[in-house]
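Colleague:
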Amino acid sequence: MLALFVIIPLGCAFLVPVVSKIRSGTERLLAVFCGVSLLWLSLSSFFWFEGGRIIYSVGGWKAPFGICMVLDGLSALMLLVVNLIGCTAIIYSLDYIKKYTAPQLYYTLFCLLLAGLNGVVISGDLFNLFVFLEITSIASYALVAFGAGSEELEAAFKYLVLGSLASTLILLSIGILYGSVSTLNMADIALSLSASQASNITMFCLALFIMGFGLKVALVPFHAWLPDAHPAAPAPMSAMLSGVVIKTIGAYALMRVVFNIIGVNAAVLGIFVWLGIISMSAGVLLAIGQWDFKRLLAYHSISQIGYVIFAIGLGTPLGLIGGLFHLFNHSLFKSLLFLNAGAVDYSCETRQLDKLGGLSRKMPITAATSLVASLSIAGIPPFCGFFSKLLIIIAAFQAGNIIGGFVCVIVGMVTLASFLKVQKYAFSRKVEGIIGEVKEAPVLMLIAMVFLAGLCVIAGLFSVPLIKNIISPAAAVLMEGTRYAIGILGA
C-alpha cells in the first residue's frame, strides 16, 4: 500500500493527456480520482503503523542494500498535509483553471507534483529523496509559469535559478556524505555517523543541507524567489506552494536530515532558532506594507514558516509539538487565504487591495472564509492558529528563550494588524463604483474554501485529540534522533 502514494499520481500523470485526447473532460475526473484516493490513503495510513513504523523494500531487497520506503509518525503527518491540500486544490481547480488553456497539461503537472511530494515524504534513502525533490521542483517551475504571461515567466525563471542552486547544494552534500560513509540509506548513514565522532566533513555537509533546504523553504536570507513565485502562480498552485511544497521539500527534508540522520547539537539548534526569529520578523514587516493581496500572503508565508523553524530549534518536546502543529495549521489557513485571493482575482480581475472594497456584500462566502483564515493566522481563539502559537510561546519561555517568546507575541500582533487591513480594504469598506458587477466565485471553488475554513475551526476546537493522535507521534520521531536507524535496520 505504501508504494501507491507514488504509483497513483504517476499513473494519473501519464493517463491524463491520453484520456483527454479520447474524450474531453475526462482528465478532470482522473485528477479528482487521484486527489481523493491519495487523501483516503493518507488518512488510512494512521491505522497502518499504529505508533510504530512500516518499511517497504522495493524489489524485496532489504535496507541498507535496496531502496526502501518508510512510514512513521512524521511521514504520516506530512502525507496528510500534502494530500489534504492537494485534493482540495484539485477540486478548486475544476472551475478556476477554465480560464487557462490546455487544462490537461495543468492536471498532468499537478499529478507529477503530488507524486514528487509523496515520494520525498516516504523515501528512505537520500538519493531517491533528491530524485523526488527534483520531480517536485520541475513541476513547480512549470506550474508557476502556467499563465505564460511576463510576470509568470519572470517569477518562474527566478524560482528555477534559485531552486537549481538549492538542488546543487543538496546534491553536493549528498555526494560528499556518500563518499564519506559509502551508503545512501538514511538509517545506514545515521548508524555510520553515530559510530564515529562528528568530523569537519559532516559539519560541512550539514551546512550545505541547511543552505539548500533553507532556499527551498524560503528562510531569510534565502527567500528572494518566494515573493515573486507565489503571486504569479495560479491560485491553487499558490496554495500548494505555501501550504505544502515549501514545507515538504524544505522544512520536512531539513528536519529529517538534521534530526534523524546527522543528529542535532546545541549549535545547530541555535542556528534554527535565529533563522526562525529573523524570518518571522522580516517576513511580517515586509508583508504589512504590501497592497497586492497574494504578495502580502507570500511574505506572511516566510513569517509563519519562521515560527515552525524557531519552535523546532528549541529542541524540547513541547517545542517540536508546537512547531509541527503550526506546520499543519499553516497548511490549512494559508492555503485557504491563497484560494480566497484567487477567488477575488477571478471575480474582480485585480489583486490590489486599494482597488477593492465592499466584497462582503458581493462575495459573502469568500468574505466569511477569508475572515476565518485571517483570524486563524493572527492567532485569535478558538481558531487553529491560536493553539499552535500558544504552544510555541510557552515552549520558548520554558526553554529560557525569552527574546524568542516576545518576538512571537509581537509578530502575532503585527500579523493581526496586517490582516485587519486586508479585511477592511477588500471586504468591509463601502466603496461605490469600483467593483461593478462582481459575482461570487463558482461553486466548486466555494466548496474548497468552505471545507478548509471548517477545518480551521475543527483543528482549533479539537486541538487536544489532534495533537495526541497525529502531532505527538510525529514529534516523537524527531525526538528519537539518530535512533531512527534502529527502527529501520533493527541494529
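The sequence shown begins at 23 in our numbering and counts up one residue at a time. Note that CB positions come from ideal geometry on N, CA and C, so glycine has one too. Nothing here was measured: the structure is a model prediction, and the numbers come from that model.
In angstroms, rounded to a whole number, what distance separates the CA positions of Gln126 and Leu165?
Modeller: Residue numbering aside, residue 126 sits at position 104 when the sequence shown is read from its first letter. Residue numbering aside, residue 165 sits at position 143 when the sequence shown is read from its first letter. Spanning the two alpha carbons is a distance of roughly 12 Å.
Colleague: Pull up the distance between the alpha-carbon of Glu371 and that of Leu359, whole angstroms please.
Modeller: Residue numbering aside, residue 371 sits at position 349 when the sequence shown is read from its first letter. Residue numbering aside, residue 359 sits at position 337 when the sequence shown is read from its first letter. Those two C-alpha atoms are separated by around 17 Å.
Colleague: Any contact of the region 244 to 258 with the region 79 to 89, i.e. 3+ C-beta pairs under 8 Å?
Modeller: Output reads no: the region 79 to 89 does not touch the region 244 to 258.
Colleague: Just to confirm the assignment, what range does the alpha helix (DSSP H) spanning Leu297 have?
Modeller: Numbered from its first residue, the sequence shown carries residue 297 at position 275. Looking at the DSSP string, the run of the alpha helix (DSSP H) that includes Leu297 is Ala288 to Ala309.
Colleague: Give the secondary structure of Asp314 by DSSP, where H, G and I count as helix, E and B as strand, and everything else as coil.
Modeller: Within the sequence shown, the letter at position 292 stands for residue 314. Three-state DSSP puts Asp314 in a strand.
Colleague: Does the count of Cβ pairs from the region 188 to 199 and the region 478 to 496 closer than 8 Å reach three?
Modeller: No contact exists between the region 188 to 199 and the region 478 to 496.
Colleague: With burial defined as no fewer than 16 other Cβ atoms inside 10 Å of the residue's Cβ, what is the status of Pro495: buried or exposed?
Modeller: Indexing the sequence shown from 1 puts residue 495 at position 473. Label assigned to Pro495: buried.
Colleague: So Tyr78 is in the beta strand (DSSP E); what residue range does that whole segment cover?
Modeller: Counting from 1 along the sequence shown, the entry for residue 78 is found at position 56. Residues Ile76 to Ser79.
Colleague: Output needed for Gly337: all residues of its chain with C-beta closer than 7 Å, excluding positions within five of it in sequence on either side, in chain order.
Modeller: Taking the first residue of the sequence shown as position 1, residue 337 is located at position 315. The residues are Val286 and Leu291.
Colleague: Could you tell me how far apart the beta carbons of Asn207 and Ala85 are, in whole angstroms, since I believe they sit closer than 8 Å?
Modeller: The residue you call residue 207 lines up with position 185 of the sequence shown. The residue you call residue 85 lines up with position 63 of the sequence shown. Sure, about 5 Å apart at Cβ, within 8 Å.
Colleague: Within this structure, are the beta carbons of Trp313 and Gln374 separated by less than 8 Å?
Modeller: As a first step, residue 313 must be located in the sequence shown, where it is residue number 291. As a first step, residue 374 must be located in the sequence shown, where it is residue number 352. It is a contact, given that the beta carbons lie within the stated cut-off.
Colleague: I'd like the list of long-range same chain contacts for Lys452, defined as Cβ closer than 6 Å, with 5 residues on each side in sequence excluded.
Modeller: By 1-based counting over the sequence shown, the position of residue 452 is 430. If we look at Lys452 and ignore the five residues flanking it on each side, its Cβ neighbours are Gly380.
Colleague: Identify every residue that forms a DSSP beta bridge with Leu65.
Modeller: Position 43 of the sequence shown, counted from the first residue, corresponds to residue 65. DSSP lists no partner for Leu65.
Colleague: Pick helix, strand or coil for Met467, following the three-state DSSP scheme.
Modeller: Along the sequence shown, one-based indexing puts residue 467 at 445. Met467: helix per DSSP, three-state reduction.
Colleague: If you count every other CB in all the chains shown that lies within 10 Å of the CB of Thr224, and 16 or more means buried, which is it?
Modeller: Counting from one through the sequence shown, the residue named residue 224 turns up at place 202. Per the 10 Å Cβ criterion, buried.
Colleague: For Ser264 versus Ser303, is the C-beta spacing smaller than 8 Å?
Modeller: Here residue 264 is taken as the residue at index 242 of the sequence shown, counted from 1. Here residue 303 is taken as the residue at index 281 of the sequence shown, counted from 1. Against a cut-off of 8 Å, the Cβ pair of Ser303 and Ser264 comes out as no contact.
Colleague: For Pro39, which residues from the same chain have a beta carbon less than 7 Å from its beta carbon, with the 5 sequence-adjacent residues on both sides left out?
Modeller: Reading the sequence shown from its first residue, position 17 is the one you call residue 39. Gln126 and Thr130.
Colleague: Return the chain-ordered ranges of every alpha helix (DSSP H) run that is complete within the region 192 to 232 and spans a minimum of 4 residues.
Modeller: Entirely contained in the region 192 to 232, the alpha helix (DSSP H) runs reaching 4 residues are, in chain order, 208 to 216.
Colleague: What is the residue span of the alpha helix (DSSP H) that Leu26 lies within?
Modeller: Counting from 1 along the sequence shown, the entry for residue 26 is found at position 4. Looking at the DSSP string, the run of the alpha helix (DSSP H) that includes Leu26 is Leu26 to Ile44.
Colleague: Going along the chain, which unbroken runs of the alpha helix (DSSP H) with 4 or more residues stay wholly within the region 118 to 179?
Modeller: Qualifying alpha helix (DSSP H) stretches, in chain order: 125 to 144 and 148 to 166.
Colleague: Excluding the five sequence neighbours on either side, which residues of its own chain have a C-beta within less than 6 Å of the C-beta of Gly272, listed in chain order?
Modeller: Taking the first residue of the sequence shown as 1, we reach residue 272 at position 250. Cβ neighbours of Gly272 beyond the five flanking positions: Phe235, Lys238 and Val239.
Colleague: By the 10 Å Cβ neighbour count, where 16 or more other Cβ atoms means buried, how is Phe428 classified, buried or exposed?
Modeller: For this step, residue 428 is matched to residue 406 along the sequence shown. Per the 10 Å Cβ criterion, exposed.
Colleague: Taking 7 Å as the limit between beta carbons, can you name the residues of its chain near Ile144, skipping five residues before and five after?
Modeller: Within the sequence shown, residue 144 is the residue found at index 122, counting from 1. Leu24, Phe27, Met91, Val92, Leu93 and Ser97, listed in sequence order.
Colleague: Could you tell me if Thr123 is buried or exposed, where buried requires 16 or more neighbouring beta carbons within 10 angstroms of its beta carbon?
Modeller: Counting from 1 along the sequence shown, the entry for residue 123 is found at position 101. The residue in question, Thr123, is exposed, as its Cβ has fewer than 16 Cβ neighbours within 10 Å.
Colleague: Based on Cα-Cα distance, which residue from Ser79, Ala209 and Met471 lies nearest to Ala257?
Modeller: In the sequence shown, residue 257 corresponds to position 235, counting from 1. For Ala257, the nearest C-alpha among the options comes from Met471.
Colleague: Can you tell me whether Ile30 is buried or exposed? The criterion is at least 16 other CB atoms within 10 Å of its CB, across all chains shown.
Modeller: The sequence position of residue 30 within the sequence shown is 8, counting from 1. Buried is the call here.
Colleague: For Lys443, which residues from the same chain have a beta carbon less than 8 Å from its beta carbon, with the 5 sequence-adjacent residues on both sides left out?
Modeller: Within the sequence shown, the letter at position 421 stands for residue 443. So the qualifying residues of the chain are Ile310 and Leu375.
Colleague: Given that a residue counts as buried once 16 or more other Cβ atoms are within 10 Å of its Cβ, and exposed if not, what is Glu49?
Modeller: By one-based count along the sequence shown, residue 49 stands at place 27. Classification for Glu49: buried.
Colleague: Going by DSSP, what residue range makes up the beta strand (DSSP E) through Val92?
Modeller: Taking the sequence shown and counting its residues from 1, one reaches residue 92 at position 70. Looking at the DSSP string, the run of the beta strand (DSSP E) that includes Val92 is Cys90 to Leu93.
Colleague: Beta carbon of Val8, beta carbon of Val266: below 8 Å?
Modeller: For residue 8 there is no data in the structure shown, the boundaries of the chain being 23 and 513.
Colleague: As an exercise, report each continuous alpha helix (DSSP H) stretch of at least 4 residues that is fully enclosed by the region 350 to 405, in chain order.
Modeller: Listed in chain order, they are 381 to 384 and 386 to 400.
Colleague: Out of Phe244, Ala365 and Ile327, which one is the CA nearest neighbour of Tyr114?
Modeller: Within the sequence shown, numbered from 1, the residue matching residue 114 stands at position 92. When each option's Cα is compared against that of Tyr114, the closest is Ala365.
Colleague: Can you check which of these residues, Arg383, Leu340, Phe355 and Gln420, is closest to Ile402 by C-alpha distance?
Modeller: In the sequence shown, residue 402 corresponds to position 380, counting from 1. Checking every option, the nearest Cα to that of Ile402 belongs to Phe355.
Colleague: What first and last residue would you give for the alpha helix (DSSP H) that runs through Thr270?
Modeller: Walking along the sequence shown from the start, residue 270 turns up at place 248. Premise fails: Thr270 is in no alpha helix (DSSP H) and is neither H nor E.
Colleague: What residue range is occupied by the uninterrupted alpha helix (DSSP H) comprising Met259?
Modeller: Taking the first residue of the sequence shown as 1, we reach residue 259 at position 237. That run of the alpha helix (DSSP H) goes Ala257 to Met262.
Colleague: For Gln420, count the other beta carbons within 10 Å of its own beta carbon; 16 or more makes it buried, fewer makes it exposed. Which is it?
Modeller: Position 398 of the sequence shown, counted from the start, is the residue given in the question as residue 420. Exposed, since its Cβ has fewer than 16 Cβ neighbours within 10 Å.
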